[in-house]
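Asks: I'd like to ask you about the structure that follows.
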């Protein structure tokens, strides 16, 4: 089947706050081919990623993603990989293209799965999906009291694992960080998995990060995530050698397979965290999962947005029974929650299991999407390059008219 | 002085061809502060990079570049570095931000140099600028005959070094590549420096690249550039170990300091090629030059566009006497040539020397810029986010009116 249409939808809360909550807006992609539609989501700046789809060509290796994607035949996973390689070469100098294509690639697995009537994880080579233990992913409170309350709430809601991140961590004194960590542990209780996300706050300063190791060990933290800039592998490796019981996690910034691989090989992380909405989709993510397995590194999804992104990001490691933990958007903003009709909820064991349904296994909500749709117009030389498309498909519109 | 205005200008040839010539369009940045103006150029997709300047914020670590830059105080190189670090953190999840900020950072050095009355290379810590030997950078012809003619022409024009790249190289048989290489050597003559640019054609295929080593040695090629994807360090390292007399070059894809550093440390290139319009400007480029010098690796600029980009990209290694060779835009498209009033021409020794003039040392041409200006409009939620600004400054417009 040939790719016929590719539509981008920029959704947003009416007001976006200056906090580390990535669920405040979203960029959805709908791809149609052979009468079937697939959905994907870019974990990326919506306007910029749309521009990368429609921008005029700069030269032969700086084309808009649209020029490479439209009209291509997709009948198998190999076709998706070939298209990804084409994008990599022909959009080589268009940095944002990786983020733009991630949502498209995701939609292609959804589409292909629906065409063949199988879940995406089967197309990726897994026989079955294993249950994952979700960790409630949330921001540190401004005060230890707030952090304690948030962790207690997650525990009361049945979560056995919690991640606290960003906010004040690493910005003040060691004492302040210790108070935050102790509060998180107290709220979660002694048994729960406590994970800490530094949000790159130490940049390349290994000593500053190493100074936190003792207070992380005190609370038995399961990992220290993203202490440094995404590409500072040497800093990661140096800290890994000094981190005692504390394991390092990272990788969400990876916008291609190689970046994630190198964080493993050169940065010596113990957990590699991949966002399918950034790394180029499910294909490169699965390749990272294979490499991680070969190196004894645990693969974890990075998902702070919707249940579409969640269902996509779980596929590449669905079949890895040992890689148990998964990031779970615990309290997303309404825009991220309402865009899907169905959701992936913890079962009575508090575990998450991918649906045994075609493609990504999630049903989108046209109404939810329309509620948060942002009207965007882009033109150059008087030519309209992008204008927000209608959410309702032609078929639905006919139904409504009939 | 505080950053008062930042204006982006998208220039383009009327028709952009699907060839590897990166001089067909351009994105200029004009920054004003304290009554002075500085100019920079992003080596990037213009429309997408403009979008990264004006896009609505997605969250605290995915802000448009504009939100971080406007109103900031710039009185010293330290202030530029601090602003760059701010952009890195606050635009963390906006991939294209690195390309957008590169032109702004460049303009800030121009501005600061003008304010202090010294060339940018002095602000970077060099006492003087040494002459460089320019290599004429051009594409392989479609046929060996065309390649021969182009290399002969460069030689007749006084160039002692030529780079041939892209086009058919690596796409056909070994015999065809050999014919191209032999033609290039014949055109250039036995004495000239012949450099070969593979334009990432072998992706990660070390064997395919290694198969070309013998025919590169035959023509005494000075380097093999970008055989692989920019981030495939392992492939670089494996080829470096098998490349005999042929040295590897790469790095133009680096959009931060770490990527370039890692291509040296993990990829074992002998030449590190940095485009100041992509890596984040002159600051990170100088840091790469320092690291390269410490590792015995030769720094080279990557410049395929304008003489503004050329003057900027020479500054970070102006004071490195041993790093002799420089990329020179030999036959840029009119848009790239006409945007500047002055140009950096080879002297009678065939060498290039940075002007001993404040800032980047180049004079822009308002007329040349206006000639190729593309009208762009971007709006979201009915609000105009970007509209192509006038090139003429207020002062000039008053003069014209007077």
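Protein chains in written order, with the numbering used here: chain A, 1042 to 1443; chain B, 1042 to 1443. Where is the CB? At the ideal position from N, CA and C, for every residue including glycine.
1. Between the stretch 1057-1076 of chain A and chain B, which residues of the former have a C-beta closer than 7 Å to a C-beta of the latter?
2. Is residue 1086 of chain B helix, strand or coil when you go by DSSP?
3. Kindly indicate the opening and closing residues of the beta strand (DSSP E) around residue 1074 of chain B.
4. Going by C-alpha to C-alpha distance, which of A/1254, A/1104, A/1434 and A/1267 sits closest to residue 1128 of chain A?
5. Write down every uninterrupted run of the beta strand (DSSP E) in the stretch 1237-1292 of chain B whose length is 3 residues or greater and which is fully enclosed by it, in chain order.
6. Under the rule that 16 or more other beta-carbon atoms within 10 Å means buried, what is residue 1353 of chain A, buried or exposed?
7. Label residue 1315 of chain A either buried or exposed according to how many other C-beta atoms from any shown protein chain fall within 10 Å of its C-beta, with 16 as the threshold for buried.
8. State the beta-bridge partners of residue 1303 of chain B as determined by DSSP.
9. Could you compute how far the alpha carbon of residue 1277 of chain B sits from the alpha carbon of residue 1264 of chain B?
10. So that I know if they touch, is there some Cβ in chain B lying closer than 9 Å to that of residue 1207 of chain A?
11. Report all residues from its chain with a CB closer than 8 Å to the CB of residue 1090 of chain A; omit the five preceding and five following residues, and keep chain order.
12. In chain order, which continuous runs of the alpha helix (DSSP H) of length 4 or greater are located wholly inside the stretch 1328-1373 of chain A?
13. Is there at least one Cβ from chain A nearer than 9 Å to residue 1423 of chain B's Cβ?
14. At the level of alpha carbons, what is the spacing between residue 1429 of chain B and residue 1063 of chain B?
15. Within 10 Å of its beta-carbon, does residue 1046 of chain A have 16 or more other beta-carbons around it, so buried, or fewer, so exposed?
16. For residue 1232 of chain A, does the three-state DSSP call read helix, strand or coil?
17. If you compare alpha carbons, which of A/1155, A/1059, A/1134 and A/1109 is closest to residue 1073 of chain A?
18. With a CB to CB cut of under 6 Å and the five nearest residues on each side skipped, what residues in its chain are close to residue 1133 of chain A?
19. Report yes or no: do three or more beta-carbon pairs, one from the stretch 1199-1210 of chain B and one from the stretch 1219-1228 of chain B, lie closer than 8 Å?
20. In three-state DSSP terms, what is residue 1218 of chain A?
21. Could you list which residues in chain B have their beta carbon closer than 9 Å to that of residue 1307 of chain A, in chain order?
22. For residue 1384 of chain A, does the three-state DSSP call read helix, strand or coil?
23. In angstroms with no decimal places, state the Cα-to-Cα distance between residue 1052 of chain B and residue 1343 of chain A.
24. Using a Cβ-Cβ cut-off of 9 Å, state whether residue 1375 of chain A counts as contacting chain B.
25. Can you name the residues of chain B whose CB is closer than 7 Å to the CB of residue 1089 of chain A?
26. Could you tell me which uninterrupted alpha helix (DSSP H) segments, each at least 4 residues in length, are contained entirely in the stretch 1142-1179 of chain A, listed from first to last along the chain?
27. Can you give me the Cβ contacts of residue 1418 of chain B inside the same chain, cut-off strictly under 6 Å, excluding the 5 residues immediately before and after it?
28. Cα-Cα, which of B/1234, B/1152, B/1168 and B/1374 is closest to residue 1360 of chain B?
29. Residues of chain A with CB under 9 Å from residue 1451 of chain B, in chain order?
30. Which residues does DSSP list as the beta-bridge partners of residue 1124 of chain B?
31. Could you confirm whether any beta carbon from chain B is found closer than 9 Å to the beta carbon of residue 1053 of chain A?
32. Taking C-beta pairs closer than 9 Å, name the residues in chain A that residue 1179 of chain B reaches, listed in chain order.
33. Drop a sphere of 10 angstroms on the beta-carbon of residue 1147 of chain A, count the other beta-carbons inside from all chains shown, and report buried for 16 or more, exposed for fewer.
34. Nearest chain B C-beta to residue 1120 of chain A closer than 9 Å, yes or no?
35. Do three or more CB pairs link the stretch 1316-1329 of chain A to the stretch 1296-1313 of chain B at distances below 8 Å?
36. Do you know how far the Cα of residue 1065 of chain A is from the Cα of residue 1385 of chain B?
Replies: On the basis of the coordinates in this document:
1. 1057, 1059, 1060, 1061, 1062, 1063, 1065 and 1066
2. coil
3. 1066-1074
4. A/1104
5. 1262-1266 and 1289-1291
6. buried
7. buried
8. DSSP output for residue 1303 of chain B lists no bridge partner at all.
9. 13 Å
10. yes
11. 1049, 1068, 1083, 1137, 1140, 1141 and 1144
12. 1348-1355
13. yes
14. 22 Å
15. exposed
16. coil
17. A/1155
18. 1102
19. yes
20. helix
21. 1274, 1303, 1306 and 1307
22. coil
23. 38 Å
24. no
25. 1089, 1092, 1093, 1096, 1135 and 1137
26. 1161-1164
27. 1428
28. B/1168
29. Summary: the structure shown does not reach residue 1451 of chain B, with chain B confined to residues 1042 through 1443, and so no result is reported for it.
30. Residue 1124 of chain B pairs with nothing; no bridge assigned.
31. yes
32. Correct list: empty, because the minimum Cβ distance to chain A is about 14 Å.
33. buried
34. no
35. no
36. 48 Å
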